[in-house]
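Per the numbering used here, residue 465 is the first one in the sequence shown, and the count goes up by one each step. For each residue, glycine too, the CB sits at the ideal point set by N, CA and C. From a predicted model like this one, the values you see are computed outputs, not experimental measurements. One structure below.
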Amino acid sequence: MIMLVLFAYIQAIASEFDSWSAYCLQKWNCHTHTNISRTPWTNFQNINDFDHPFAVSPESTVKVARKLGIHLALSDHCLKMTLPEWAELLRVASEYSNNGFETWRGFEWTGYNHINVFNSQDYVAVFDVGAEGIKVCTDFDSFLDWLATQPDNVIAQFNHPSMSKHYFDFTKFSEHSAKDHFALFEVGSGPTGFYSHIKDNLPLYIQALQSGLSVSPTIGADNLGSPNKDMVKRHTVAWVGNSGFGEAAKKNRVYASEDADIQVKFQLRITKNNGQESIAIMGSKVEIDDSSKFCLEYDLDDPTDSQIGNVNVVVVRSESYDILPVANNQDVLRTISSNDFVFMELQDIICFFLYIVQADGDSIVTSPIWIKYQPNLIDQSERIIYCGVDSKLPVFRNFVKNPNEFNPKESKLQFLGPLDKQICIWLVVYNQPVGQTVSLKLHLICPESNIDTTHEEICIGKNNNFCLAFGICDIKDFAYKIHETNYLTIEFLVDDQLVESKTILIEVDNR
465 MIMLVLFAYI QAIASEFDSW SAYCLQKWNC HTHTNISRTP WTNFQNINDF DHPFAVSPES
525 TVKVARKLGI HLALSDHCLK MTLPEWAELL RVASEYSNNG FETWRGFEWT GYNHINVFNS
585 QDYVAVFDVG AEGIKVCTDF DSFLDWLATQ PDNVIAQFNH PSMSKHYFDF TKFSEHSAKD
645 HFALFEVGSG PTGFYSHIKD NLPLYIQALQ SGLSVSPTIG ADNLGSPNKD MVKRHTVAWV
705 GNSGFGEAAK KNRVYASEDA DIQVKFQLRI TKNNGQESIA IMGSKVEIDD SSKFCLEYDL
765 DDPTDSQIGN VNVVVVRSES YDILPVANNQ DVLRTISSND FVFMELQDII CFFLYIVQAD
825 GDSIVTSPIW IKYQPNLIDQ SERIIYCGVD SKLPVFRNFV KNPNEFNPKE SKLQFLGPLD
885 KQICIWLVVY NQPVGQTVSL KLHLICPESN IDTTHEEICI GKNNNFCLAF GICDIKDFAY
945 KIHETNYLTI EFLVDDQLVE SKTILIEVDN R
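Take a look at the structure:
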């Protein structure tokens, strides 16, 4: 049975995290408003108030953010945006993407729920505001249909999900052709006094992952005014390579932090039976089988906190999840001992990610590492076939050592008679997925007795563990024969596909 060994390294040898050397950290805010969003809602919602009342111009917004060391994705409301304002956002984004800083143009679609869209050539409106050539999308269906037509570099983000009156139906998004545009998910949003915390959005983030979406956690300022220390304190962090933030977002090398300066590395170490190792870092999607061992590792660096707080691994399954503690308020330089190992079966796991809660209440959530489990039923180490007589213990085990090197002389059972009972065959298959059908077919031919019989036993996986198929061939009808030679063919099938077929020789000697 394949198991996951979970082991946490807080202080790690540098070479253990060499896979991260190609990336550098960037702090981002992916929910930024300028004075373009300072428009009254009265025309649409009977609210005599202004949204984002103290926001400043796009250029001033970017200048302040650069001084704070924050990369910006501009996302003004589409409600009453004009084409000149849309063009101004592009000018600012282009002019202030230099000297190691990136600035993105985007908009916030403010329908039933709010979604940011970045890097698109056009924006879409919720209502007809008279902007020539601008598509109006009043509901999710029309919005998703438009998003599906956009180039691959267009990225979408779910905004403040726990603050919405109508929760997102994530299945609607995961089953739509626009699915791959969704790369980001706000687990924290808003300025001080209105902030929606990670702990409030975490269950919804897990729901999105369970639906099949590959989204990274983010924190957005959703600012009321000019950028300020809120963006420094709470932000999105990306491990960015030469291709910039867009590639990092698509590859899910992103995490959300309510701590100003913590650095997090999170990876999966894979060791094959031959000793070969590989590393899958945060955001990776990996296939695993029965021939590998796995180890989760993380490395934390927080220069301003002497304690890291509570470190948890969140294990996401299709219909449930577990939050497993692996460290509690330990010093940053402590190495977790073998007593902190956690073992779990992998068959039903979708992904796992880190969830850190510090002593002051700040939380950090990483992007997941996604797992696709592929049981290797053809591996002889995972399949045992026994032959025996009646209810006695098996006398013949693993009769096929190598399917490609079958020698009939080595696959022989000899019984001393008189034999008036039955030959019994047991097939044990480990790691059988739920719903998979395994069949054991027995075909007995006794030429001298003119016997030709077939028996089939079918087992459908129910518990992701093992199945047992039990077959019987009755030979008492020819047991009186002396030195009779008989042949038993055993077929092993998975989902009606023949995996293996072997013939063994049975000799009965009644002398």
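Quick check: what's the CA-CA separation for I828 versus D753? Your numbering for residue 828 matches position 364 in the sequence shown. Your numbering for residue 753 matches position 289 in the sequence shown. The alpha-carbon atoms of I828 and D753 are separated by roughly 31 angstroms.
With Q671 as the anchor, note down where its alpha helix (DSSP H) starts and where it stops. The sequence position of residue 671 within the sequence shown is 207, counting from 1. Annotation for Q671: the continuous alpha helix (DSSP H) segment containing it runs 662–674.
Rounded to the nearest angstrom, what separates V821 and A647 at their Cα positions? As a working note, residue 821 is residue 357 in the sequence shown. As a working note, residue 647 is residue 183 in the sequence shown. It is roughly 24 angstroms from the alpha-carbon of V821 to the alpha-carbon of A647.
Whole angstroms is fine: what's the gap from L962's alpha carbon to Y837's? Here residue 962 is taken as the residue at index 498 of the sequence shown, counted from 1. Here residue 837 is taken as the residue at index 373 of the sequence shown, counted from 1. It is roughly 22 angstroms from the alpha-carbon of L962 to the alpha-carbon of Y837.
Alpha-carbon spacing of N866 relative to E955, whole angstroms: Your numbering for residue 866 matches position 402 in the sequence shown. Your numbering for residue 955 matches position 491 in the sequence shown. For N866, the predicted model reports a pLDDT of 33, less than 50, meaning its position is unreliable and no value from the coordinates is stated.
Can you list, in chain order, the residues of its chain with a C-beta nearer than 6 angstroms to that of H516? Leave out the 5 residues immediately preceding and following it. Taking the sequence shown and counting its residues from 1, the one referred to as residue 516 is at position 52. Closer than 6 angstroms at the Cβ level, and outside the excluded window around H516, lie H497, S501, R502, L688.
Does DSSP put S653 in a helix, in a strand, or in coil? Walking along the sequence shown from the start, residue 653 turns up at place 189. Per DSSP, reduced to three states, the secondary structure at S653 is strand.
Let me know if D694 comes out buried or exposed under the rule of 16 or more other beta-carbons within 10 Å of its beta-carbon. Counting from one through the sequence shown, the residue named residue 694 turns up at place 230. D694 counts as buried, since at least 16 other C-beta atoms from the protein chains shown sit within 10 angstroms of its C-beta.
To the nearest whole angstrom, what separates the beta carbons of H535 and F709, a pair I think is in contact under 8 angstroms? Numbered from its first residue, the sequence shown carries residue 535 at position 71. Numbered from its first residue, the sequence shown carries residue 709 at position 245. Rounded, the Cβ-Cβ distance is 7 angstroms, consistent with contact.
Are at least three pairs of beta-carbons, each pair with one atom in the stretch 563–576 and one in the stretch 723–732, less than 8 angstroms apart? Contact between the stretch 563–576 and the stretch 723–732 is absent, because fewer than three Cβ pairs lie under 8 angstroms.
Cβ-Cβ separation, I813 to M746 (assumed contact under 8 angstroms), whole Å: Along the sequence shown, one-based indexing puts residue 746 at 282. Along the sequence shown, one-based indexing puts residue 813 at 349. The pair is not a contact, with the Cβ atoms about 16 angstroms apart (cut-off 8 angstroms).
Give me the Cα-Cα distance between R555 and K636, rounded to the nearest whole angstrom. Taking the first residue of the sequence shown as 1, we reach residue 555 at position 91. Taking the first residue of the sequence shown as 1, we reach residue 636 at position 172. Cα to Cα, the separation comes out at about 34 angstroms.
Under 9 angstroms between C-beta atoms of Y785 and I670: Stepping through the sequence shown from its first residue, residue 785 is reached at position 321. Stepping through the sequence shown from its first residue, residue 670 is reached at position 206. Remark: C-beta atoms of Y785 and I670 approach each other more closely than 9 angstroms.
Cα separation between C759 and W484? Along the sequence shown, one-based indexing puts residue 759 at 295. Along the sequence shown, one-based indexing puts residue 484 at 20. Rounded to the nearest angstrom, the gap between the Cα atoms of C759 and W484 is 17 angstroms.
DSSP-derived helix/strand/coil call for E783: As a first step, residue 783 is located in the sequence shown; it is residue number 319 there, counting from the start. Collapsing the DSSP output to three states places E783 in coil.
Quick one: measure Cβ to Cβ for Q614 and H578, integer angstroms, because I've assumed they're closer than 8 angstroms. Here residue 614 is taken as the residue at index 150 of the sequence shown, counted from 1. Here residue 578 is taken as the residue at index 114 of the sequence shown, counted from 1. Not confirmed; about 18 angstroms, so no contact.
Three-state secondary structure (DSSP) of A612: As a first step, residue 612 is located in the sequence shown; it is residue number 148 there, counting from the start. Reduced to three states, the DSSP call for A612 is coil.
Put K749 into one of helix, strand or coil per three-state DSSP. Walking along the sequence shown from the start, residue 749 turns up at place 285. In this structure, K749 counts as strand in the three-state DSSP scheme.
My output table needs one value for E846: the three-state DSSP class, helix, strand or coil. Counted from its first residue, the sequence shown places residue 846 at position 382. Its pLDDT being 41, under 50, E846 is placed unreliably in this model, and the coordinates cannot settle the point.
If we ignore side chains and look at the alpha-carbon of each, how far apart do W437 and Q740 end up? Outside the shown range of the chain, which is 465 to 975, sits residue 437, and nothing can be said about it.
Counting Cβ pairs closer than 8 angstroms, one from the stretch 486–495 and one from the stretch 700–709, do we hit at least three? Two segments are said to touch when three or more pairs of C-beta atoms, one from each, lie closer than 8 angstroms; by this definition the stretch 486–495 touches the stretch 700–709.
In three-state terms, what does DSSP make of T602? Translated into positions along the sequence shown, residue 602 becomes position 138. In the three-state reduction of the DSSP assignment, T602 falls in the coil class, being assigned neither a helical nor a strand state.
With DSSP as the reference, identify every bridge partner of S591, one or two as the case may be. As a first step, residue 591 is located in the sequence shown; it is residue number 127 there, counting from the start. The question names Ser, yet the displayed sequence has Phe at residue 591. According to DSSP, F591 bridges with nothing at all.
Measure the beta-carbon distance from L677 to S626 and round it to whole angstroms, keeping in mind my assumption that it falls under 8 angstroms. Taking the sequence shown and counting its residues from 1, the one referred to as residue 677 is at position 213. Taking the sequence shown and counting its residues from 1, the one referred to as residue 626 is at position 162. L677 to S626, Cβ: 17 angstroms. No contact.
Between the CA atoms of L666 and T609 - distance to the nearest angstrom: By 1-based counting over the sequence shown, the position of residue 609 is 145. By 1-based counting over the sequence shown, the position of residue 666 is 202. It is Asp, not Thr, that sits at residue 609 in the sequence shown. Straight through space, the alpha carbons of L666 and D609 are spaced by roughly 28 angstroms.
Which residues does DSSP pair with Q490 in a beta bridge? Here residue 490 refers to the residue found at position 26 of the sequence shown. By DSSP's assignment, Q490 forms a beta bridge with A702.
Where does R555 sit, in a helix, a strand or coil, going by DSSP? Working through the sequence shown from its first residue, we reach residue 555 at position 91. In the three-state reduction of the DSSP assignment, R555 falls in the helix class.
Identify the continuous beta strand (DSSP E) that holds G570 and give its terminal residues. Against the sequence shown, residue 570 aligns to sequence position 106. 570–574 is the extent of the beta strand (DSSP E) around G570.
Nearest by alpha-carbon distance to N562: which of A713, P522, V526 is it? Numbered from 1 along the sequence shown, position 98 holds the residue referred to as residue 562. Considering only A713, P522, V526, the residue with the shortest C-alpha distance to N562 is V526.
Taking the alpha-carbon of K749 as reference, which of G533, N716, A529 has the nearest alpha-carbon? As a first step, residue 749 must be located in the sequence shown, where it is residue number 285. When only C-alpha atoms are compared, the closest one is N716.
C-beta contact flag for S521 and N499 at 9 angstroms: As a first step, residue 521 is located in the sequence shown; it is residue number 57 there, counting from the start. As a first step, residue 499 is located in the sequence shown; it is residue number 35 there, counting from the start. For S521 and N499, yes; Cβs fall inside 9 angstroms.
Figure out for me which residue from V588, A713, F481, L532 has the closest Cα to the Cα of A724. Taking the first residue of the sequence shown as position 1, residue 724 is located at position 260. If we check each option's Cα against that of A724, L532 comes out closest.
Terminal residues of the continuous beta strand (DSSP E) containing A720? Translated into the one-based positions of the sequence shown, residue 720 becomes position 256. Counting along the chain, the beta strand (DSSP E) containing A720 begins and ends at 718–721.
State the Cα-Cα distance for the pair A620 and E650, rounded to the nearest angstrom. Here residue 620 corresponds to residue number 156 of the sequence shown, with the count starting at 1. Here residue 650 corresponds to residue number 186 of the sequence shown, with the count starting at 1. If you take the alpha carbons of A620 and E650, they lie about 11 angstroms apart.
Go ahead and label F634 buried or exposed: buried means 16 or more other beta carbons lie within 10 angstroms of its beta carbon, across all protein chains shown. Numbered from its first residue, the sequence shown carries residue 634 at position 170. F634 sits buried, since 16 or more C-beta atoms from the chains shown fall within 10 Å of its C-beta.
Among residues of its own chain, excluding the 5 on either side of K697, which ones have a beta-carbon nearer than 6 angstroms to its beta-carbon? Residue numbering aside, residue 697 sits at position 233 when the sequence shown is read from its first letter. Taken in chain order, the residues that qualify are A724.
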